[in-house]
Amino acid sequence: MGRLTTHVLDAAHGCPGSGIKVELYRVEDQGLTLVATRETNADGRCDSPLLEGTDYLSGVYQLQFSAGDYYRRRGVALADPAFLDVVVLRFGIDSAQEHYHVPLLVSPYSYSTYRGS
1004 MGRLTTHVLD
1014 AAHGCPGSGI
1024 KVELYRVEDQ
1034 GLTLVATRET
1044 NADGRCDSPL
1054 LEGTDYLSGV
1064 YQLQFSAGDY
1074 YRRRGVALAD
1084 PAFLDVVVLR
1094 FGIDSAQEHY
1104 HVPLLVSPYS
1114 YSTYRGS
């Protein structure tokens, strides 16, 4: 059965990104519908999939990671406004039967992502 998962790695500190708010939206007709909200655990992962079961549908989705709040809690001095505050990843799911894993590798001034396994 298909499911969508994510995790966050803090590249600046070489550790999991724990306590980061993650929001998942479905993109429809240029609008956003909130589907799920999670917070990453001590391992930088969400305790449950963001999508699974009958909610797991093909379409365009958007993940939003509250990276700025995470770095502020760690005591990192960020510019005002921060260069990266909320990291937004828009991606498509083309098959409801596959596992999509979308990790985020982040620092205060950069990020990268990929379709993981």
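In terms of our numbering, the numbers along the sequence shown are unbroken and rise by one, the last being 1120. Even for Gly, the Cβ is constructed at its ideal location relative to N, Cα and C. Here the structure is a predicted model, which is why all the values come from computation and not from measurement.
Asked: Classification of residue 1049 by the beta-carbon crowding that lies within 10 angstroms, buried from 16 upward; Found: buried
Asked: Buried versus exposed call for residue 1052 [16 or more other C-beta atoms within 10 Å across all chains shown]; Found: buried
Asked: Spatial distance of residue 1094 from residue 1029 (CA atoms); Found: 10 Å
Asked: Chain-order list of residues whose beta-carbon lies under 6 Å from that of residue 1085 (same chain, five-residue window excluded); Found: 1071
Asked: Exposed unless 16 or more other CB atoms sit within 10 angstroms - verdict on residue 1016; Found: exposed
Asked: Beta carbon of residue 1019 nearer than 8 Å to that of residue 1039; Found: no
Asked: Under 8 Å between C-beta atoms of residue 1103 and residue 1007; Found: yes
Asked: Cross-strand partners of residue 1076 (DSSP beta bridge); Found: Answer is none; residue 1076 lacks a bridge partner.
Asked: Cα-Cα separation, residue 1010 to residue 1066; Found: 11 Å
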